[in-house]
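Colleague: What follows is a structure written as structure tokens; I'll ask about it next.
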Ligand code: C2E
Ligand code: CA
Ligand code: CA
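In our numbering, the protein residues as written are 5 to 771.
Following this line, the structure appears as structure tokens:
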């Protein structure tokens, strides 16, 4: 509360009752007396009634406005010293000028600050009232916005007015500044909010990006290649490292690539077809081959899924490299195949063959139709194997397999059981072609020569035939019957077809049993060499001997060679048996010789098979070396037909044998068809006239003619002539009179055991 304010009264002129009341309370609260008038006219009335110390007036008022009222006050000498404060919402400088010209002391713009107003009030109340010097001063010319105004107020007043207006303005500025500060803080708050919002947005984006990253990681971590293709050019829009990595490409190399670039030229059309197909279905899958960066081919399993992204149709592809899996599958298949197929011919093996026959039996039972099983072999193939080696016989088997496959009936099967030399052909056709027709086809297929390294080899087929249900009732027995028939066919040594029968089966079973028996007999030393003397027909003395093999069975007794030598040849045991015979004879001779006996040359029989390779030379050498028997006490015999199988090779081997010092005899002479021209080329020492001619010389002219011719011819060629099978005196006489040097036969001696022959030598028997 201010001092002395009780006496001071202030007139408020304001037409707005609210504003008037607010102003009144302010004035009163500061200890001033207060009157209120609602317009200029009323204000002047109050002024006159009760002279105030100060007037605060609004400008815009009805009836008489603030300027006019101010002018009237200032023009009244009685009241002109009463200070007037004008309050206005107008802030134009022109208004200030008008206020100045009206004589007002202060000019405040609404909304005014209470403090500001009170400061003005106090200033004006404390100021000494001065004589207005307006009249003394020249009016001041002011130009505002191209308009000229003249200010009548004194300089001091103008200054005061400016200070007050400036103060107000300054205050307004402060307000503004505060407002600005508020605004600033608001801004800051806003910014903080924005920052927070941004942060949360960033967070959200980060989360989104994390999700994308997670997706990408997932994409990248997928063990399979993933790629997204556009559906126009089929280019990779997005792909993971596996997709390009599995093909050996860098990411950058893959980016510009179309999936079509990955296919081989020949596969492109097919791939495009698959891709277009993928556009028609939500999901598809296909396999294709892709060319890797290193030009290697990869088997790819492709699974597609049609997707839509931002209104664009795309193809999501998952690529699975199947190369390794396929390779593993292939190996598995090959292993499986190998286990069920013959190694040489790649024909189905026993398991598959039995399956096929069993299957055919079911069908045959339903249709009451037969099944034919044919076991097919080539004559002489064993011999070929022995001479040309296994590569040749394998090649022939492969060729034979191909030929038979080409002629096999539709529902048939060509198969080969491992380690069996022959091939089966099964005809399980519902409508079996007549067996003769099939046999003719087989005959034709086998009789075409086989080419081996330029040599044309000719064979004749041997075929064993068994028929279901006549010959056997199950798959296994059917095979066995056909095999038995084949054995029988082979016995003839010529082209042959043998039909199976229960008796035949027994026969073959016997044969097989015998084979086993022979093998164990040989192993157990049941073979023995007998010796049959050769006699000088002039002196009657033993000039030599032939070693002949016997099988001494503990139960059956002595088994003759005709019952086991052919079997030994068939089963390939003859070589070992001959080796044994040679070594046995040589050892025996050496033993006799060492014990002081006058030994004679002994001959050992060789077979055709031994004239196809050099093995025999080694065998002979070994026998001589091991026994240290002089070569002149060993002779070899080979038949005319054996010599003629491969005359060139025979000649070569015979020369080597002769070089060893071993004499060579041609056995069974006259039974073959050898020409003399050939015999001349062989280094032959002895010619053994076959028993059939010798035994005929006392009976038929034909034998006499041939025998005398052979003897004459042999003499010409300087061969030693031995007549075989001399049984009676008449034969001996004939031979002697025709100057045949030596004879061998029952007339002199049967083939006898070693000990008996030894006695003959010791006793120096003479016949
Ligand atoms: P081969 O080489 O022609 O032997 C002569 C055969 O005539 C012998 O039969 C002998 O006992 C028989 N023989 C001798 N004198 C007479 C006679 O006056 N009358 C009759 N009817 N026969 C007589 P063997 O010992 O039964 O031998 C038969 C065939 O077996 C031999 O015929 C030969 O081809 C073969 N052979 C015998 N031993 C061996 C051998 O160690 N190795 C080979 N590879 N074959 C052998
Ligand atoms: Ca002989
Ligand atoms: Ca003979």
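No residue lacks a Cβ here, since even glycine has one placed at the ideal position from N, Cα and C.
Report yes if the C-beta of residue 728 is less than 7 angstroms from at least one heavy atom of ligand 3; otherwise report no.
Modeller: Correct: residue 728 has its Cβ closer than 7 angstroms to ligand 3.
Colleague: How far does the beta strand (DSSP E) with residue 730 in it extend, from its first residue to its last?
Modeller: Here residue 730 belongs to no beta strand (DSSP E), and DSSP marks it neither H nor E.
Colleague: What span of residues does the alpha helix (DSSP H) with residue 344 cover, start to end?
Modeller: Run containing residue 344: 327-344, per the alpha helix (DSSP H) assignment.
Colleague: I'd like the list of long-range same chain contacts for residue 54, defined as Cβ closer than 6 angstroms, with 5 residues on each side in sequence excluded.
Modeller: So the list is empty, once near-sequence residues are dropped.
Colleague: Within 7 angstroms: the Cβ of residue 350 and any heavy atom of ligand 3?
Modeller: Flag unset: Cβ of residue 350 not near ligand 3.
Colleague: What's the C-alpha gap between residue 317 and residue 274?
Modeller: Taking the straight line from one Cα to the other gives about 21 angstroms.
Colleague: Check whether the Cβ of residue 550 lies closer than 7 angstroms to any heavy atom of ligand 2, and answer yes or no.
Modeller: Under cutoff, so the answer is yes.
Colleague: Comparing the CB of residue 689 with every heavy atom of ligand 3, is any distance shorter than 7 angstroms?
Modeller: No.
Colleague: Give the list of continuous beta strand (DSSP E) stretches no shorter than 3 residues that lie fully inside the region 531-584.
Modeller: Within the region 531-584, the complete beta strand (DSSP E) runs of at least 3 residues are 531-540, 546-557 and 561-563.
Colleague: With distances taken between CB atoms, is the gap from residue 118 to residue 157 smaller than 8 angstroms?
Modeller: Not a contact, by the Cβ cut-off of 8 angstroms.
Colleague: Quick one, which of 744, 521, 429 and 697 has its alpha-carbon nearest residue 445's?
Modeller: For the residues 744, 521, 429 and 697, the minimum Cα distance to residue 445 belongs to 429.
Colleague: Beta-carbon separation of residue 404 and residue 450 under 8 angstroms?
Modeller: In this structure, residue 450 lies closer than 8 angstroms to residue 404 by Cβ.
Colleague: Indicate the three-state DSSP secondary structure (helix, strand or coil) for residue 74 in the structure shown.
Modeller: Helix.
Colleague: Compute the distance between the beta-carbons of residue 576 and residue 386, then report whether it is under 8 angstroms.
Modeller: Yes, Cβ-Cβ distance for residue 576 and residue 386 is below 8 angstroms.
Colleague: Is the beta carbon of residue 694 within less than 7 angstroms of some heavy atom of ligand 4?
Modeller: Here the bound small molecules are ligand 1, ligand 2 and ligand 3; ligand 4 is not part of this structure.
Colleague: Check whether the Cβ of residue 650 lies closer than 7 angstroms to any heavy atom of ligand 3, and answer yes or no.
Modeller: Result no, Cβ not under 7 angstroms from ligand 3.
Colleague: Could you please give the first and the last residue of the uninterrupted alpha helix (DSSP H) stretch that includes residue 487?
Modeller: Note, residue 487: alpha helix (DSSP H), 479-495.
Colleague: When the Cα atoms are used, what is the spatial distance from residue 550 to residue 476?
Modeller: Whole-angstrom Cα-Cα distance: 47 angstroms.
Colleague: If we count the other Cβ atoms within 10 Å of its Cβ and call it buried at 16 or more, is residue 155 buried or exposed?
Modeller: So residue 155 ends up on the buried side.
Colleague: Which stretch, first to last residue, makes up the beta strand (DSSP E) that contains residue 466?
Modeller: Where residue 466 is concerned, the enclosing beta strand (DSSP E) stretches over 465-472.
Colleague: Can you grab the Cα-Cα spacing for the pair residue 626 / residue 467, in whole Å?
Modeller: About 41 angstroms.
Colleague: Where does residue 139 sit, in a helix, a strand or coil, going by DSSP?
Modeller: Interpretation of residue 139 is limited by its pLDDT of 47, a score under 50 that renders its predicted location unreliable; the figure taken from the coordinates is listed afterwards. Correct three-state label for residue 139: helix.
Colleague: Report the option in 538, 63 and 383 whose CA atom is closest to the CA atom of residue 100.
Modeller: Closest option to residue 100, Cα to Cα, is 63.
Colleague: Residue 698 by DSSP, collapsed to three states: which one?
Modeller: Correct three-state label for residue 698: helix.
Colleague: Residue 501 to residue 447, Cα distance in whole Å?
Modeller: Their Cα atoms are separated by approximately 10 angstroms.
Colleague: Taking residue 289 as the reference, give the member of 765, 196, 235 and 305 with the closest Cα.
Modeller: When only C-alpha atoms are compared, the closest one is 305.
Colleague: Any heavy atom of ligand 3 closer than 7 angstroms to the beta-carbon of residue 672?
Modeller: Under cutoff, so the answer is yes.
Colleague: Is any heavy atom of ligand 2 found at a distance shorter than 7 angstroms from the C-beta of residue 746?
Modeller: Flag unset: Cβ of residue 746 not near ligand 2.
Colleague: Can you tell me whether DSSP reads residue 612 as helix, strand or coil?
Modeller: Helix at residue 612.
Colleague: Since residue 249 is in the alpha helix (DSSP H), which residue starts that stretch and which ends it?
Modeller: Its alpha helix (DSSP H) spans residues 245-249.
Colleague: What residues are listed by DSSP as bridge partners for residue 39?
Modeller: Looking at the DSSP assignment, residue 39 forms a beta bridge with 15.
Colleague: CA-CA distance, residue 345 and residue 353?
Modeller: For residue 345 and residue 353, the distance between alpha carbons rounds to 4 angstroms.
Colleague: Taking buried to mean at least 16 other C-beta atoms within 10 Å of its own C-beta, is residue 614 buried or exposed?
Modeller: Its Cβ being crowded by 16 or more others within 10 Å, residue 614 is buried.
Colleague: Kindly examine ligand 2 and report whether one of its heavy atoms sits closer than 7 angstroms to the Cβ of residue 644.
Modeller: Residue 644: no, Cβ never under 7 angstroms from ligand 2.
Colleague: Ordered along the chain, which non-local residues of its own chain (more than five positions away) have a Cβ less than 6 angstroms from that of residue 548?
Modeller: Counting only Cβ-Cβ distances below 6 angstroms, and skipping sequence neighbours, we find 538, 604 and 605.
Colleague: Pop quiz: residue 536 and residue 753 are said to be a contact at Cβ under 8 angstroms. What is the actual Cβ separation, rounded to whole angstroms?
Modeller: That pair is a contact at about 6 angstroms.
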